[in-house]
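Peer 1:
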Amino acid sequence: MAKKKIILANIILIVAIIITSLILLLITRTANKQSKSATIWYQNNVIKTIDLSGVDGVVEEDIALDENITIRISYKTGAIRVLSAPCHTHDCIKTGWTSSSRKPIICLDLGYKIVLSDQDEVDVVVWTKYLV
Amino acid sequence: MCRIIKTLLLILCCIICISCSSKDKVKTEQIYAFNTTIDISITSSKDNIDEAYQRIKELLYLYSDLCDRYAQKDMNNIYTINHTNEFVEVDSHLISLLQEALLLQTETNGYFNILIGEVSNIYKELIKTSDLSLLDGIEDKVNDINASSIEIEGNNVKRVGNATIDLGGIAKGYALKEVEKVLKECEITTYLINAGYSSILLGSKSGKDYKVGLRYTKDTVLNLQNMVVTTSSIEEQKVVIDGNVYHHLVNPKTGYCENKYSTIYLIGSDASQLDAYSTAFFNMDLEDIKRLCEAKNIKYIIYNNTNLLASNN
């Protein structure tokens with residue numbers, strides 16, 4: 552009888568481990584799908600990563616790329632844009648709101664970019680050719 | 015029975031540990047070359063990944079400096095060649111690139127032409143200033159292109175005539191082609207090299223396809239591996255004056271913008287070829303594009319605004 556109880560306890564333990572693993576796997580995959588963030592790069596460095604999930608209203612923020620260059624961004628749940636930047640062409644501002652990794656905000660003039668990560672979309676976006 | 019259960023538990027733990035561990039090393043970095051950002055991402059379990067990564071960066075910086083037409087670098091480059099009509103000794107990498115460019119000029123019947131430098135300058139200024147008077151001398155510039163040539167003797171290059179060289183239509187693609195050789199030599203198969211979002215070199219994503227989105231084509235995703243994807247588009251670099259569209263993908267034969275297409279995507283195996291073709295195709299007839307793509311085993315997706323004009327993908 553005692554032996555049977557031990558066997559039963561061991562079986563329950565194994566089942567519990569398997570179920571826990573499956574639950575953890577499910578949580579991880581779901582979390583990856585729902586999360587969206589924007590990463591601001593400047594000259595090979597990550598300046599800031601902004602979590603775009605569950606943002607309260609529209610937030611404006613100044614981002615210092617270096618001691619001389621500051622840009623002003625605005626973000627809301629799932630999207631981000633550049634409001635002002637001291638570049639010549641203002642391509643980054645003209646890009647407007649972006650809510651997808653397909654539409655990164657790129658400023659060749661200042662050398663920064665804002666890239667969204669959305670796990671359930673694409674690895675890379677083919678964009679355009681700049682004449683240099 | 016107890017021993018069996020303990021053994022099973024042990025095996026389960028081992029499986030969990032093995033699946034969690036990864037022998038693969040990932041190298042990712044963004045560099046600035048060719049006046050744009052280059053995102054490098056390579057993954058490998060081989061010991062030579064660091065060496066491969068270093069070689070790739072050095073190659074990209076080297077070609078960026080060699081192809082620079084705006085500044086003299088620590089070596090003779092396109093800037094040097096453009097400022098003299100004498101022979102200039104240059105790095106052999108540049109010689110190979112120039113030879114490839116001349117070959118592609120022949121393949122595209124002159125619609126790809128690296129002697130377009132002065133015409134490119136005019137349109138860059140036009141897009142910035144909207145000053146149509148800049149086009150007053152365009153026919154002279156086209157005549158200069160027709161009267162100019164490039165001579166190569168060994169590692170020496172001479173520009174004959176007044177037209178100047180602009181490698182913007184091939185530099186990134188050619189550099190990616192050389193990068194691909196390094197990756198293959200080092201037996202690295204998982205990589206994604208994104209050169210300014212317009213030329214993208216794809217390996218395999220650990221044996222699977224990469225998902226590639228197309229910027230101007232909503233909801234289209236290509237599943238690709240061991241391929242190159244290139245695009246030319248006027249969407250980001252154009253100006254509309256009096257209802258006419260002026261952009262940077264100018265016809266070297268006329269000096270004017272053909273407005274047959276707005277975006278061209280090409281998918282193939284030769285990054286250098288695709289880069290040059292994506293420039294040339296903007297001024298070519300659709301039937302000629304189809305013929306050349308079929309001959310070279312290239313997939314194309316061609317748009318005029320939101321209208322899909324042609325695709326063999």
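Chains as they are written, first to last, in this note's numbering: chain W, 552 to 683; chain B, 15 to 327. Every residue, glycine too, gets a C-beta built ideally from N, C-alpha and C. Computed from a prediction, not measured in an experiment: that's the story for all the values here.
(1) Quick one: which chain B residues come within Cβ less than 7 angstroms of residue 659 of chain W?
(2) Just verifying my parser: in three-state terms, what is the DSSP assignment at residue 55 of chain B?
(3) Any beta carbon from chain B within less than 8 angstroms of residue 566 of chain W's own beta carbon?
(4) Since residue 662 of chain W meets chain B, which of its residues come closer than 9 angstroms, beta carbon to beta carbon?
(5) Please classify residue 194 of chain B: is it buried, with 16 or more other beta-carbons within 10 angstroms of its beta-carbon, or exposed?
(6) Just verifying my parser: in three-state terms, what is the DSSP assignment at residue 104 of chain B?
(7) With contact counted as at least three CB pairs below 8 angstroms, one residue from each stretch, are the segment 231-248 of chain B and the segment 287-295 of chain B in contact?
(8) Please report how far the alpha carbon of residue 260 of chain B lies from the alpha carbon of residue 281 of chain B, in whole angstroms.
(9) Taking just the CA atoms, how far does residue 326 of chain B sit from residue 170 of chain B?
(10) Hey, is the segment 188-205 of chain B in contact with the segment 634-644 of chain W, meaning 3+ C-beta pairs nearer than 8 angstroms?
(11) Which residues in chain W sit within 7 angstroms of residue 276 of chain B, going by Cβ to Cβ distance?
(12) Nearest-angstrom Cα distance between residue 239 of chain B and residue 151 of chain B?
(13) Assuming residue 163 of chain B contacts residue 156 of chain B under a Cβ cut-off of 8 angstroms, what Cβ separation, rounded to an integer in Å, is found between them?
(14) If you draw a straight line from the alpha carbon of residue 257 of chain B to that of residue 88 of chain B, how long is it in whole angstroms?
(15) Tell me the DSSP secondary structure of residue 187 of chain B in three-state form.
(16) Does DSSP put residue 603 of chain W in a helix, in a strand, or in coil?
(17) In whole angstroms, give me the CA-to-CA distance for residue 303 of chain B and residue 648 of chain W.
(18) Assuming residue 179 of chain B and residue 83 of chain B form a contact by the criterion Cβ under 8 angstroms, report the distance between their Cβ atoms to the nearest whole angstrom.
(19) With DSSP run on the structure shown, which of helix, strand or coil describes residue 197 of chain B?
(20) Tell me the DSSP secondary structure of residue 207 of chain B in three-state form.
(21) Span of the beta strand (DSSP E) holding residue 611 of chain W?
(22) Considering only residues of the same chain and omitting the five flanking positions on each side of residue 108 of chain B, which have a CB-CB separation below 6 angstroms?
(23) Using only the alpha-carbon positions, how far apart do residue 39 of chain B and residue 588 of chain W sit?
(24) Just to confirm the assignment, what range does the alpha helix (DSSP H) spanning residue 65 of chain B have?
(25) Relative to the alpha-carbon of residue 272 of chain B, which residue among B:279, B:252, B:165, B:223 has its alpha-carbon at the smallest distance?
(26) Leaving out five residues before and five after residue 130 of chain B in sequence, what residues of the same chain have Cβ atoms less than 6 angstroms from its Cβ?
(27) Under 8 angstroms: do the segment 134-149 of chain B and the segment 213-230 of chain B share three or more Cβ pairs, one atom per stretch?
(28) Rank B:49, B:51, B:58, B:44 by C-alpha distance to the C-alpha of residue 37 of chain B and give the top, closest one.
(29) Tell me which same chain residues have a C-beta within less than 7 angstroms of the C-beta of residue 218 of chain B, skipping the five on either side of it?
(30) Nearest to residue 200 of chain B by CA position, among B:188, B:50, B:65, is which residue?
(31) Taking the beta carbon of residue 68 of chain B as the centre, do at least 16 other beta carbons fall within 10 Å, making it buried, or is it exposed?
(32) Going by DSSP in three states, residue 244 of chain B sits in which element: helix, strand or coil?
(33) What residues of chain B sit near residue 677 of chain W, judged by a beta carbon separation below 8 angstroms?
(34) Between which two residues does the alpha helix (DSSP H) harbouring residue 305 of chain B extend?
(35) Taking the beta carbon of residue 659 of chain W as the centre, do at least 16 other beta carbons fall within 10 Å, making it buried, or is it exposed?
(36) Residue 149 of chain B versus chain W: which residues are under 9 angstroms apart at the beta carbon?
Peer 2: In short:
(1) 49, 50
(2) strand
(3) no
(4) 46, 51
(5) buried
(6) coil
(7) yes
(8) 26 angstroms
(9) 41 angstroms
(10) no
(11) Chain W residues near residue 276 of chain B: none, gap ~11 angstroms exceeds 7 angstroms.
(12) 46 angstroms
(13) Not confirmed; about 15 angstroms, so no contact.
(14) 45 angstroms
(15) helix
(16) coil
(17) 35 angstroms
(18) 7 angstroms
(19) helix
(20) strand
(21) 610-615
(22) 80
(23) 24 angstroms
(24) 63-80
(25) B:252
(26) 180, 266
(27) no
(28) B:58
(29) 203, 204, 239, 240
(30) B:65
(31) exposed
(32) strand
(33) 211, 212, 214, 226, 227, 228, 229, 243, 244, 245, 279
(34) 300-310
(35) buried
(36) The premise fails here: residue 149 of chain B is roughly 17 angstroms from chain W at the closest Cβ pair, so nothing lies under 9 angstroms.
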